[in-house]
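Here the structure is laid out as structure tokens; the discussion comes afterwards.
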Amino acid sequence: MPLTPPEAPDAPPVAVEVVLLRHDSAEGFTYRRLVTALSRGMSPDRAARSLALLNGDDDTHVVHSTSWRATPQGCITLTYLVHPDPTPDRPGTPLLEPHVIAHSPRPGHPTPPSLEMDHVVAHAVRHLAFLEGADPAIATHLATHPELVRSLRSLPSTAAGEIQYA
304 MPLTPPEAPD APPVAVEVVL LRHDSAEGFT YRRLVTALSR GMSPDRAARS
354 LALLNGDDDT HVVHSTSWRA TPQGCITLTY LVHPDPTPDR PGTPLLEPHV
404 IAHSPRPGHP TPPSLEMDHV VAHAVRHLAF LEGADPAIAT HLATHPELVR
454 SLRSLPSTAA GEIQYA
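Now the structure itself:
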């Protein structure tokens with residue numbers, strides 16, 4: 304039986320955030336961030352693809368949901384990573400510290416007290432690194448970008464939320 308969410312007329316707004324990722328062996332990771340409100344009746348995946356200007360038949364880009372977070376205003380933001388950036392000529396933001404992991408110092412309060420966009424993007428990049436080793440379709444896509452794969456493999460191998468047992 305498919306899961307259908309209950310109707311909630313007063314549900315908080317949902318935003319779809321797209322991180323358009325680029326990689327250059329000399330410059331490292333760069334990204335652009337685009338955001339849109341999720342329209343009623345539109346799937347988040349479709350909203351992400353539309354925001355990135357990808358048509359429905361485009362299979363030359365990775366489009367993957369990497370995280371979600373609540374805003375202080377009570378909204379929910381769904382983050383998607385898109386690779387490669389469909390318009391790489393537009394100005395981007397360098398991701399200076401892809402190794403930095405945002406965390407909360409209090410175990411009962413999981414939201415980091417100072418979450419920055421670079422933390423969200425670094426998480427998305429580490430998520431992509433995990434998928435490169437775990438998802439055959441994404442690994443096939445990334446294999447055409449060997450410098451990116453090399454950089455992804457240099458990141459810590461444990462993604463946020465991943466538990467390793469001794």
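Quick note: the sequence shown uses the working numbering, first residue 304, plus one each step. Beta carbons are placed, not taken as given, at the ideal position from N, Cα and C, and that holds for glycine.
The three-state secondary structure of P397, taken from DSSP, is strand. In terms of Cβ geometry, H364 and P389 form a close pair [threshold 9 Å]. Within the same chain, P315, P316, V317, A318, W371, R372, A373 come within 8 Å of I379 by CB-CB distance, once the 5 residues on both sides are set aside. In the three-state scheme derived from DSSP, where H, G and I count as helix and E and B as strand, I441 is classed as helix. For R372, no alpha helix (DSSP H) encloses it; the enclosing beta strand (DSSP E) starts and ends at 365-373. In the DSSP annotation of this structure, the continuous segment of the alpha helix (DSSP H) that includes D348 starts and ends at 347-354. In the assembly as shown, H402 is an exposed residue. Its beta-carbon has fewer than 16 other beta-carbons within 10 Å. The criterion of a C-beta distance shorter than 9 Å is not satisfied by V338 and V424.
Comparing alpha-carbon positions, the option among S457, D421, L418, R343 lying closest to G436 turns out to be S457. DSSP, read as helix, strand or coil, puts R336 in strand. Boundaries of the alpha helix (DSSP H) around E450: 449-456.
The C-alpha of A351 is placed about 7 Å away from the C-alpha of E320.
A440 and A446 have their C-alpha atoms some 10 Å from each other. With respect to E450, H326 sits close: the two C-beta atoms are nearer than 9 Å.
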